[in-house]
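Note that numbering that gives the first Met the number 0 has the sequence shown beginning at 0, numbered continuously upward.
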Amino acid sequence: MASKARFFPYAGLGAAALIVVAYHWFGYYGHYGYDDMEYARIAAETAWGAMPWDNNHYNFRWTVTLPTALFYALFGVNDSSSAIFPMAMLLVLCGLLWATLRRYWGGAAVLLGLAFLLGNQWLLFYSDKLMPDLYVVVGGVAAALVYYRQRTRTTAGGERWAALWFSLSLFFGFLAKLSLVFFVPAFLLVLGGDLLQRRLLRFWGWVLGFTVLLGASYGLLFWVQTGDPIFRYHAIVANGYFLPDCSYDQLPLAMTLRRISYQLPELFLRHYFLTTLLAVPIAVGQLWGSGRAKVHPSSPFFARFFLVLLLAANFLSVSPRAYAPLCLDPRHYLFLVPFAALVAAPTWYDLLRSGKGAGWLAVWTTLLAVVAYGLGIACWPYALLAMVATGRAVLPRRELPRWATLSLAAVTVVALAWAPWRAAAYARTVPYPAQRALYYDFLAQQAPGTLVLTDHVQANYGEYYGGFKAENGPIFLRFGQEKETPETGGQTFLLLNWHTQMQSSLRWDDLPAYAREAENRYGPPIHTATGLQLFALPKAAADSLLRGD
């Protein structure tokens, strides 16, 4: 039995790795077509030895671009090279939670913790995307766990190495995106508590030293390259733009009040942040019970850290010049999920095993299900969790037969897995594999000078498939660029793709008339696939179109 207990955590880590790989294999959605393609272009230029230093602030998210550049140099510009590092980062995140849960709680809490982590569809969604948010999560989580491990050491020493890893972890997240700032209030609270109790002073001294060294080296590098040690900040300011949904400093006050009152919990409900929503009352309960010694010794730290992060996510401004809370995009809040898993998993494990806390969790999960139903979204993942908690509340407050506990755990996993499964199923309806195959199997084989008229995102994809080299494949023109095209003498194609048109925010009526009327003007498409139509334009029609006649 003891050997089986030791085996379970390792089996859970292996299963997590399989889930990450399987999700990429069966649920690959493709790319967004904007930010991620910009990171890909920067990584490709860096791989060629031309690392950009202009004031495009994306240039300096090096945690994204530099590892990707390495894989592009080794394996070429392609989807596999783009996915290697983000997938590795999610596996690192799984490993960090696995090690922490195994060290402080052990047993099946490890398996539940990984389920609570990977039950967030957006963590899996971004596990193969060139976006910085996952790297911020890894950096912040690693720093917090390094700190807590040092704090709970039973022997003196290790401050220097712990401080180095802490500082490097935060620097790793900082190099990805400045949204690492949302960890600052939580770490300041930790620092303040340690200073008041005169605890870990040597550790914090080393952290200060390493942080100053890293910051000075970073500023010196920019000063040498650009003449401005805070060039990255100035690039961010210069690249600011108005977002109609979340530039709150320029929007009516009522929109800001809605944002900081109820819209973030609503976002969590609509996007099935089950772990985060479960962790809120659990964290409050753990802090309430910590004074009466009713919780695990490690629980108050993670509960407090999670709640401070949650408050920062809701109220902290992203701008130092005006009050502008964080935009309502699920990827911006992924940093909450690992800490929510650390808070929720041990408590849910106790609920399954002994019924502890089942009553008030039954009330909370039922409330979530009712509110979700009222919002008109699929409420049954919340209802399944409510069934588990309610069922455990009415059963005896003692350990159940093994089959009963496993059955309740299985229902929990089904509830957590529903949103990722649904997202993967939707991804399989998207024509991304077909459009990629169309490029490599047909368009890339055309003669030099071939032109392809299409939407903005599809054009970005095409340039990415060609490795961002003009001599590779056809020339892609965005709708509206027809008159800007030099004479090439090559064949002209029109490529329509409902999915990339949607990503380009183009409705059917927004397309140019020649695209809406393509079949009447140019005949039937020469290639069709799921959501794709490729038309070959007769030379006279193409010349007239490109001249603007």
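In this text, a Cβ means the ideal position worked out from N, Cα and C, and glycines have one as well.
Note that the structure is a prediction, hence the values are computed from the model and not measured.
query, result
"8 Å Cβ shell around R291 - same chain, five flanking residues per side excluded", "Reliability of the predicted coordinates at R291 is poor, the pLDDT of 48 falling under 50, and the value obtained from them is presented with this limitation in mind. No residues qualify anywhere along the chain."
"Residue range of the unbroken beta strand (DSSP E) whose run includes H331", "Taken as a continuous stretch (DSSP letters only), H331 belongs to no beta strand (DSSP E), as it is neither H nor E."
"Same chain only: Cβ atoms within 8 Å of Y332, ignoring 5 sequence neighbours per side", "L263, L266, F267, F272, T275, A312 and L325"
"Same chain, Cβ closer than 7 Å to E398, five either side skipped, listed in chain order", "R352 and S353"
"Collapsed DSSP secondary structure at A215 in the structure displayed", "helix"
"Spatial distance of A1 from S166 (CA atoms)", "In this prediction, A1 scores a pLDDT of 49, lower than 50, which makes its location untrustworthy; no coordinate-derived value is stated."
"L133 in three-state terms, based on DSSP", "helix"
"Beta-bridge pairing of Q532 - partner residues as DSSP gives them", "L495 and T527"
"Beta-carbon proximity check, N496 vs Q434, cutoff 8 Å", "yes"
"Reduced DSSP category for G235 - H, G, I as helix; E, B as strand; rest coil", "What sits at residue 235 in the sequence shown is Ile, not Gly. Here I235 sits in helix by DSSP."
"Spatial distance of K355 from C93 (CA atoms)", "27 Å"
"For F475: DSSP bridge partner residues", "V451"
"Integer Cβ distance of E481 from L544, believed to fall under 8 Å", "6 Å"
"Rounded straight-line distance, which links the Cα of L163 to that of L194", "19 Å"
"Y348 and L199 closer than 8 Å at C-beta", "no"
"Cutoff 6 Å; reference T459; Cβ partners in own chain excluding five residues on either side", "The sequence as given places Asn at residue 459; Thr does not occur at that position. The residues are G32 and M36."
"Run of the alpha helix (DSSP H) containing T153, from where it starts to where it stops", "It is not in any alpha helix (DSSP H) - T153 carries neither H nor E in the DSSP assignment."
"Per-residue burial, Y431 [other beta carbons within 10 Å of its own, 16 or more giving buried]", "buried"
"Classification of Y439 by the beta-carbon crowding that lies within 10 angstroms, buried from 16 upward", "exposed"
"Bridge partners - S316, DSSP secondary structure assignment", "P324"
"Rounded separation between A340 and A540 - CA only", "59 Å"
"R197 classed as buried or exposed, judged by whether at least 16 other C-beta atoms fall within 10 angstroms", "exposed"
"L450 beta carbon less than 8 Å from that of P473", "yes"
"Limits of the alpha helix (DSSP H) - the one that T99 falls within", "D78 to Y103"
"Which of helix, strand or coil DSSP assigns to G290", "For G290, the pLDDT reaches just 49, beneath the cut-off of 50, and the residue's location in the model is therefore unreliable, leaving the point undetermined."
"Presumed contact (8 Å Cβ cut-off) between F334 and V91, rounded CB distance", "Between V91 and F334 the Cβ distance is about 15 Å, and since that is not below 8 Å, they are no contact."
"D243 classed as buried or exposed, judged by whether at least 16 other C-beta atoms fall within 10 angstroms", "Going by the sequence as given, residue 243 is Pro instead of Asp. Exposed, because fewer than 16 other Cβ atoms sit within 10 Å of the Cβ of P243."
"Outcome for Q558 when other beta-carbon atoms lying within 10 angstroms are tallied against a minimum of 16", "Look at the range of the chain in this structure, 0 to 548, and you will see that residue 558 is not part of it."
"Given A282 as reference, the closest of F304, L476 and W160 once Cα atoms are compared", "F304"
"Unbroken alpha helix (DSSP H) run spanning W402, endpoints", "R401 to A426"
"Pick from V279, M501, L286 and A403 that is closest to A343, judged by C-alpha positions", "V279"
"Buried versus exposed, by CB contacts within 10 Å (16 or more), D508", "exposed"
"Where F181 falls: helix, strand or coil (DSSP)", "helix"
"Alpha helix (DSSP H) segment containing W379, residue limits", "W379 to V393"
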